[in-house]
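Undergrad: Going by the numbering used here, the sequence shown opens with residue 180, and the numbers climb by one from there. Every residue gets a Cβ at the ideal spot worked out from N, C-alpha and C, and that includes glycine.
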Amino acid sequence: MSPGVVDFLFRQLVTGRPAEDVQWQGEGITLTAQPAGAELARRLAETDLEALTPIELFHYVRAAQRLAVWAEELREAAVGRYCQPGRTQNANLHGARLQRGP
Numbered sequence: 180m181s182p183g184v185v186d187f188l189f190r191q192l193v194t195g196r197p198a199e200d201v202q203w204q205g206e207g208i209t210l211t212a213q214p215a216g217a218e219l220a221r222r223l224a225e226t227d228l229e230a231l232t233p234i235e236l237f238h239y240v241r242a243a244q245r246l247a248v249w250a251e252e253l254r255e256a257a258v259g260r261y262c263q264p265g266r267t268q269n270a271n272l273h274g275a276r277l278q279r280g281p
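And the structure:
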């Protein structure tokens with residue numbers, strides 16, 4: 180753990196508060212409640228992993244897993260559209276007409 184995290188945990192212990200930083204939960208949507216998508220990806224990318232407590236790191240990992248599942252579903256949908264029989268032939272015919280003219 181980084182020195183900042185150790186310092187935070189020590190201050191929490193001295194004041195009798197739980198080790199988890201619960202103040203941030205009131206400041207906006209949590210990573211666990213953030214819908215999978217671009218905003219979740221941005222938040223995960225901007226997170227300083229060294230500053231997370233073990234519980235926050237657990238929630239980070241779970242959110243990253245949800246994002247990975249979401250991205251995989253998008254990929255599968257795109258591959259499905261690309262590989263549909265007949266669609267490729269229609270796209271090729273349309274492209275051939277564009278190249279030859281009307």
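1) Tell me the rounded alpha-carbon separation between Phe189 and Leu228.
2) Would you mind giving the Cβ-Cβ distance between Leu246 and Ala215, rounded to the nearest angstrom? I have them listed as a contact below 8 angstroms.
3) Compare the Cα-Cα distances from Tyr239 to each of Glu252, Ala256, Val185, Arg221 and report the closest residue.
4) Taking the beta carbon of Leu219 as the centre, do at least 16 other beta carbons fall within 10 Å, making it buried, or is it exposed?
5) What residues in its chain sit with their C-beta under 6 angstroms from that of Pro182, if we drop five residues either side in the sequence?
TA: Taking the coordinates as given:
1) Here residue 189 corresponds to residue number 10 of the sequence shown, with the count starting at 1. Here residue 228 corresponds to residue number 49 of the sequence shown, with the count starting at 1. Rounded to whole angstroms, Phe189 to Leu228 spans 19 angstroms at the Cα level.
2) One-based indexing of the sequence shown puts residue 246 at position 67. One-based indexing of the sequence shown puts residue 215 at position 36. Correct: roughly 5 angstroms between the Cβ atoms.
3) Position 60 of the sequence shown, counting from 1, holds the residue named residue 239. Nearest of Glu252, Ala256, Val185, Arg221 to Tyr239, Cα basis: Arg221.
4) Taking the sequence shown and counting its residues from 1, the one referred to as residue 219 is at position 40. Buried, since its Cβ has 16 or more Cβ neighbours within 10 Å.
5) By 1-based counting over the sequence shown, the position of residue 182 is 3. So no residue of the chain qualifies.
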